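Numbering (UniProt numbering), first residue to last: 1 to 184. A virtual CB, placed ideally from N, CA and C, is assigned to each residue, including glycine. This one's a predicted model, so the numbers in the text were calculated from it and none came from an experiment.
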């Protein structure tokens, strides 16, 4: 009876400590301002994207640590200050929403800029080097494909492939038949 009562009291005590810790909304001394935190998070997300694209899972942690340290050094903070600030803003949902709205808008602008640069690169005249004559051949290449023309090419290819498959099946039909041979 005493053991059960002690277990209940200890569980209640742990729950009270947990809820008291969760309700601590005091600003930490080394809190990063919202604008700076948004810039740090933008750089962190860009670093994550670069790491995901370039490295395998085995070397991911090594390069991630280096990239994060670079971001901390760039913004003149340390990992403890970042972690404390992230926990504080994470508890205050309105503030973290405001920060991530800035982060999302900035990342979308960066993505749009990259997409525009890629389209511009496709429209630039391409230069080919003729290795036999040591000359540069310039040609303007703009990728404009109509949906119908692509569909027609695919349909033509499907028809040709079907005919080739039927011809191969017809030619190999005799070799696929099972022939019975007497067993000695």
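Residue i in three-state terms, based on DSSP
{"i": "residue 87", "result": "helix"}
{"i": "residue 26", "result": "coil"}
{"i": "residue 114", "result": "helix"}
Best match in the options for proximity to residue i [C-alpha to C-alpha]
{"i": "residue 44", "options": "106, 112, 115, 31", "result": "106"}
{"i": "residue 37", "options": "113, 90, 49", "result": "90"}
{"i": "residue 31", "options": "88, 108, 74", "result": "88"}
{"i": "residue 95", "options": "33, 29, 74", "result": "33"}
{"i": "residue 42", "options": "112, 108, 115, 113", "result": "108"}
{"i": "residue 111", "options": "76, 29, 35, 46", "result": "46"}
{"i": "residue 72", "options": "40, 113, 114", "result": "40"}
{"i": "residue 26", "options": "113, 92, 115, 49", "result": "92"}
{"i": "residue 35", "options": "115, 97, 61, 62", "result": "97"}
Report yes or no: do the segment 71 to 85 and the segment 95 to 102 share at least 3 C-beta pairs separated by less than 8 angstroms?
Not touching, per the Cβ criterion.
Count Cβ pairs between the segment 66 to 75 and the segment 110 to 122 that sit closer than 8 angstroms; are there 3 or more?
No, because fewer than three Cβ pairs between the segment 66 to 75 and the segment 110 to 122 fall closer than 8 angstroms, the two stretches do not touch.
Could you tell me which uninterrupted alpha helix (DSSP H) segments, each at least 4 residues in length, are contained entirely in the UniProt domain "DUF4296" (28 to 112), listed from first to last along the chain?
Correct list: 34 to 54, 57 to 74, 79 to 91.
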